[in-house]
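S.K.: To start, I am sharing the structure in question, which I have written as structure tokens.
In my numbering, the protein residues as written are 91 to 207.
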């Protein structure tokens, strides 16, 4: 997901910081065959691998089943809903012109060029 860091401090729920137009770039892929319990995720910024963002879903603080259970306790989840699992710490800052690529083994890559809004 994408966060406007300059808005995050003024909204305790981060609604504006995370809910702006274009804040959730997603790819066109849907798969039911992915081993989601241990999917490898990597992040490249301007052609350089970012080791802090390299990992697997098995290393999440809260497992995917735990996250689904928690969200389901207050919201109805339907087929096709997207759950964003968060950002590895430390989260960096992107600037206009940066090229950010997120890759998930078994799914593919999503490339975004950052623009100043």
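Beta carbons are placed, not taken as given, at the ideal position from N, Cα and C, and that holds for glycine.
Here the structure is a predicted model, which is why all the values come from computation and not from measurement.
Look up residue 193 in the DSSP assignment and give the residues it is bridged to.
M.R.: 132, 199
S.K.: In whole angstroms, give me the CA-to-CA distance for residue 160 and residue 167.
M.R.: 11 Å
S.K.: Taking only runs of the beta strand (DSSP E) that begin and end inside the segment 106-190, which ones reach a length of at least 3 residues, in chain order?
M.R.: Fully enclosed beta strand (DSSP E) runs of no fewer than 3 residues occupy 130-135 of the segment 106-190, in order along the chain.
S.K.: Within 10 angstroms of its Cβ, does residue 164 collect 16 or more other Cβ (buried), or is it exposed?
M.R.: exposed
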